[in-house]
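Per our numbering, the first sequence starts with residue -13, numbered consecutively.
Don't be surprised by glycine CBs; every beta carbon is placed ideally from N, CA and C.
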Amino acid sequence: MKFYDPSVIEKKWQCHWQDNDSFKPAGDGTPYYQLEMFPYPSGRIHMGHVRNYTIGDVLARFHAARGRRVFHPMGWDAFGLPAEAAAIERGVAPASWTRSNIEEMKKQLGRLGFSYDPGTELATCDVDYYRWEQLFFVQMLERGIAYRKSAVVNWCEGCGTVLANEQVDGDSCWRGHSPVTPRELDQWFLKITDYADELLDGLDELKGKWPDKVLTMQRNWIGRSEGVEVFFELPALGEPLKVFTTRVDTLFGATFVCIAPEHPAAMKLAEAGGREKEAREFVAAVAARSNVERAQGKQGFDTGSRAVNPVNGEEIPVFLGDFVLMGYGTGAVMSVPAHDQRDFEFARGNCIAVRPVIAPPAGPLVATDMTEAMVEDGILHDSGDFDGLASSDAREGICAQLVKMQRGRAVVNYRLRDWGISRQRYWGCPIPVIYCDSCGTVAVPEKDLPVVLPEDITMPPSGASPLASLTGFAQVSCPGCGGEARRETDTMDTFMESSWYFLRYTSAGDEQRPFDPAAVAEWLPVSQYVGGVEHAVLHLLYSRFFTRVLRDLGWLDLSEPFGELLTQGMVIKDGSKMSKSKGNVVDPDELIERYGADTARLFSVFAAPPEKDLEWSEKGVEGASRFISRVWRQVVVAAEETSGDCSDPGPESLDEEGRRLRGVVHETIQRVSHDVGARLRFNTAIAAIMELVNEYQSADFTALADGERLHRFGLGTVLLLLGPFVPHVANELWGELTGQEDMNQQGWPVHDEAALLRESIEIVLQVNGKIRSRIQVSADIDRDELGRLALADSRVIAYLDGADPRKVVVVPGRLVNVVI
RNA sequence: GCGAGAGUGGCGGAAUUGGCAGACGCACUGGAUUUAGGAUCCAGCCCGCUACGCGGUUGGGGGUUCGAGUCCCCCCUCUCGCACCA
């Protein structure tokens, strides 16, 4: 018997596919764009990659077999900090470190037999890629989408650069756990806030296509909030203080106003209140604490100044509060202790009056009895002309009144901030801007693009970017006046590259333009995107934004770049994520060496549904390997006796048992097609194939009419169904069994609806909902007859014990429930 | 605290619309084959019991229904996300 040696057949088929250009989009089927999040070339692939890319490959191969015109590209997210760290450690340039990693990882991915179109490979660190990004940036600058401002930004000590808000996790960096501290710097930003509403509304279209969890996370991150800006006059300064509130219905209950310690009016108010010195100490104390520490307490400071409530003319104190954030709304809030829990706590700590103005259904509250704020809507009282109104009506009424008085306006606030893209790093896409003393900030003219990142450098041990000190790079003449000028030496956030790589894939190698609009129109939006949930509000939000910007710049006609999204779970071992520090990593190469790529692939998709975490199990891998060997033996043994045509023999030449087996084959086709094509449940698809294999293993085909043919049909179908999962072994065995060269010509099997109908079926008989008997009946039996048969069953009669059934529930094809 | 998701054998996990709970795999037990081990094949494998039968069982409690893992209400636990956003 031919021996199963994965290393031989896997190499053979990988060469075959390469030589035949097997994975170029082919045929005239409906286009299908299968995309997986491209990897950072860290040097070695890990099990997370194996799982991610196997899921994508199964889908790509499945849809190709089904006749779709499949586009399945792969590339490298090649800029980023690890290259700099490695460069310092090993004394090699980031560019060469990155490129050799790409070569190594490409080999590794190659060993897994993924169906990538090799003609589309790209690396974002190549000038041919990032030059277009620079062009986009220059155009964004012209349109005001990119702008520079001084702002308090997140400085990450570990990375030696600033991070965007999305990239900060509490008080630390999203990647490592290095601390992040505020720092004021001149930085480049992209106006993602201009797109806040569109990005939010777009989520509705994605409902049902993206996991709810991701949609919710994006919605929360954008954080749209409708409310009113109320102007409180500040007599001491002779100007109004603007506060934002979503609960303007509680305005009559405001007993103080609270502003952020960083608020521009803070010190002026303290001065006017004669408490300047103490205020300075308070502000310094707050500034010394981190955001997380600040979130613990609720400290306040009375400025001694007062503000006037526009609706009742009341003068109320102005406090500085550490819980008020300068970055949200106006950095000032009106405080209503009776109806806001934070204000309630603050008021109790600072001896401020609690004044209820919203009554719950049970009637108005008494301030002295309150132990917590009443935050629900209710009926207004002690609110002048608005008494008796419901909260929602009062919000409208009071807002209208404020507008009329020119003391307020309706506003929408967002939690989302503009995307800070400057990075004080070397290994990234240069920001194409020049600073000139006479002309100011000038974009590099399009004709001078690209600004090429010098690759032949040595990283200083300090880790600082070498760009600023590279005179050949940093010193330029101004494109405006020709005088001496300095180049921007910050580079772009690497999330810039991943925000449009899926567009470039469609036109890789095009030297004239970033992408061909026709190709983009053909393939986009991505049919199925597969990646980790950690990018829910990073890459996935940036890409949605970037695509809209490119649309508005006239590059394409598309808003949502991704259609269906599958977020796969992590690969876990011993209860935690595989990581070097935990010492629980499994090396994919060793796995392939030992069991073969097909086993690695099979296990990755069999052991758990794709969106759940996958617990690593050596025994589970062995199980997957054992199944492949079993199929191998079954097919090779069968092929020794009978080979050739594997098509459906049809029902006529078969006997009853043969027709039943044929039915099982068709049922398996249906289940697998549905599980892979519609449900994305590969584990159950494989289980269904295993059932068929088990069924076939115990059948004796020599005893059946047209048995050889039926045998080949079933085994051939198993191979076709296994093709997307274990392509090497499936193709090899297909050749053995059929004598045909290429399984891919065969296409995906289609089930015969008629074959699914059983001649006789088992019906469960229940008495009072408990199973008491089973009967075998003809599949086309009618309802009444089935009910009669149930009542005639001896065991049912015994349970009835002479009683008359109160009710007989007949569920055709399933059961009969006799109720006494 | 708010939001989302999940709780099913020894384990990973099935059960598409309310209709046979535990598919498939792992582990385990017995048998066959084998000099032995491994591999393979066959059989068993939710729990309890006076065992060809009966009872119980999908985190706990209640409800709707002829019938609930699935629908509704209350509670518990876990995971993830957000976390003073005014």
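Option nearest residue i by Cα separation, candidates the options
i, options, result
"THR179", "TYR400, ASP631, SER463, TRP618", "TYR400"
"HIS660", "PHE48, TRP3, PHE(-11)", "PHE48"
"GLU722", "ALA273, SER629, MET391, TRP174", "SER629"
"ASP423", "ARG205, PRO447, ARG409, ARG473", "ARG473"
"ASN754", "ASP363, PRO791, GLU718, VAL763", "PRO791"
"GLU520", "HIS249, GLU152, GLY364", "GLU152"
"LEU707", "GLY725, ILE131, GLU694, LEU678", "LEU678"
"VAL617", "PHE100, ASN298, ARG698, ILE208", "ARG698"
"ARG646", "SER611, LEU588, PHE613, GLY700", "GLY700"
"PHE100", "GLY773, ARG37, GLN731, MET126", "ARG37"
"LEU734", "GLY53, MET356, ASP43", "Checking the displayed sequence, the identity of residue 734 turns out to be Trp instead of Leu. With distances taken between Cα atoms, TRP734 lies closest to GLY53."
"ASP187", "HIS525, GLU267, LYS228, ARG530", "ARG530"
"ARG129", "GLU107, GLU90, ARG537, SER369", "ARG537"
"GLU642", "ILE417, SER611, ALA689, THR354", "ALA689"
"ARG161", "LEU524, ARG657, VAL650", "LEU524"
"PHE488", "PHE57, THR84, LYS390", "PHE57"
"SER291", "MET203, ALA252, GLY317", "ALA252"
"PRO574", "GLY725, TYR39, PRO347", "TYR39"
"LEU127", "THR427, VAL622, ALA664", "THR427"
"LEU666", "GLY42, TYR18, GLN4", "GLY42"
"ALA64", "GLU432, PRO346, MET91, GLY468", "MET91"
"ASP14", "VAL572, THR231, LYS(-12), ARG55", "ARG55"
"GLY663", "GLU257, VAL44, PRO635", "VAL44"
"LEU456", "VAL516, ASP476, GLY466", "ASP476"
Host alpha helix (DSSP H) of residue i (start-end)
i, result
"GLU382", "377 to 390"
"SER780", "780 to 786"
"LEU707", "693 to 708"
"LYS93", "80 to 97"
"GLU70", "67 to 76"
"LEU719", "713 to 724"
"ILE41", "33 to 51"
"GLY335", "327 to 335"
Inter-residue CB distance, residue i and residue j (contact presumed, cutoff 8 Å)
i, j, result
"ALA583", "PRO(-8)", "7 Å"
"VAL304", "LEU255", "6 Å"
"MET33", "TYR102", "Incorrect: roughly 19 Å between the Cβ atoms, too far for contact."
"ASP599", "ILE655", "Contact flag wrong, Cβ pair sits at about 30 Å."
"ALA691", "SER611", "Contact doesn't hold; Cβ gap of about 36 Å is too wide."
"GLY105", "ALA494", "7 Å"
"SER378", "TYR412", "Rounded, the Cβ-Cβ distance is 55 Å, inconsistent with contact."
"PHE268", "LYS284", "The Cβ separation is near 13 Å, so there is no contact."
"ALA81", "GLU627", "59 Å between Cβ atoms; not a contact."
"ALA240", "MET356", "With 8 Å as the limit, ALA240 and MET356 do not qualify as a contact, their Cβ atoms being about 16 Å apart."
Where the beta strand (DSSP E) through residue i begins and ends
i, result
"SER321", "318 to 321"
"GLU470", "470 to 473"
"ASN399", "394 to 399"
"CYS1", "It is not in any beta strand (DSSP E) - CYS1 instead sits in the alpha helix (DSSP H) that spans -8 to 5."
"PHE57", "55 to 57"
"GLY582", "Segment: none, GLY582 is in no beta strand (DSSP E) and carries neither H nor E."
"ILE761", "756 to 764"
"PHE100", "Per DSSP, PHE100 belongs to no beta strand (DSSP E) and is neither H nor E."
"PHE668", "From DSSP, PHE668 is part of no beta strand (DSSP E) but of the alpha helix (DSSP H) over 668 to 683."
Could I get the ranges of all uninterrupted alpha helix (DSSP H) runs contained in the stretch 177 to 238, with 4 residues as the minimum, in chain order? 182 to 192, 198 to 208
Determine contact between the stretch 187 to 205 and the stretch 231 to 241, defined as no fewer than three beta-carbon pairs at a distance below 8 Å. no
Indicate whether the contact test is met: 3 or more Cβ pairs, each with one atom in the stretch 504 to 513 and one in the stretch 539 to 550, closer than 8 Å. yes
Ignoring anything shorter than 3 residues or poking outside the stretch 108 to 159, list the beta strand (DSSP E) runs there in chain order. Runs of the beta strand (DSSP E) inside the stretch 108 to 159: 132 to 142, 147 to 149.
In the stretch 447 to 504, which residue ranges form an unbroken alpha helix (DSSP H) of at least 4 residues, counting only runs that do not cross its ends? 457 to 460, 487 to 490
Mind the definition here: the stretch 473 to 491 touches the stretch 119 to 126 only if three or more C-beta pairs lie below 8 Å; say whether that holds. Contact holds: three or more Cβ-Cβ distances are below 8 Å.
Examine the Cβ distances between the stretch 286 to 306 and the stretch 206 to 220 and report whether three or more of them are shorter than 8 Å. yes
Does the count of Cβ pairs from the stretch 711 to 726 and the stretch -12 to 3 closer than 8 Å reach three? yes
Check whether the stretch 358 to 375 and the stretch 17 to 32 touch, using three or more Cβ-Cβ pairs below 8 Å as the test. no
Which ranges would you report for the alpha helix (DSSP H) in the stretch 251 to 308 if only whole runs of at least 4 residues count? Whole alpha helix (DSSP H) segments, 4+ residues: 252 to 258, 262 to 273, 277 to 282.
Kindly confirm or deny that the stretch 260 to 279 and the stretch 132 to 152 touch, where touching means at least three C-beta pairs closer than 8 Å. no
Are there three or more Cβ pairs, one per stretch, closer than 8 Å when the stretch 391 to 411 is compared with the stretch 166 to 186? yes
Within the chosen definition, does the stretch 733 to 753 reach the stretch 776 to 791 through at least 3 CB pairs nearer than 8 Å? yes
What residue ranges within the stretch 628 to 652 form continuous alpha helix (DSSP H) runs of no fewer than 4 residues, ordered along the chain? none
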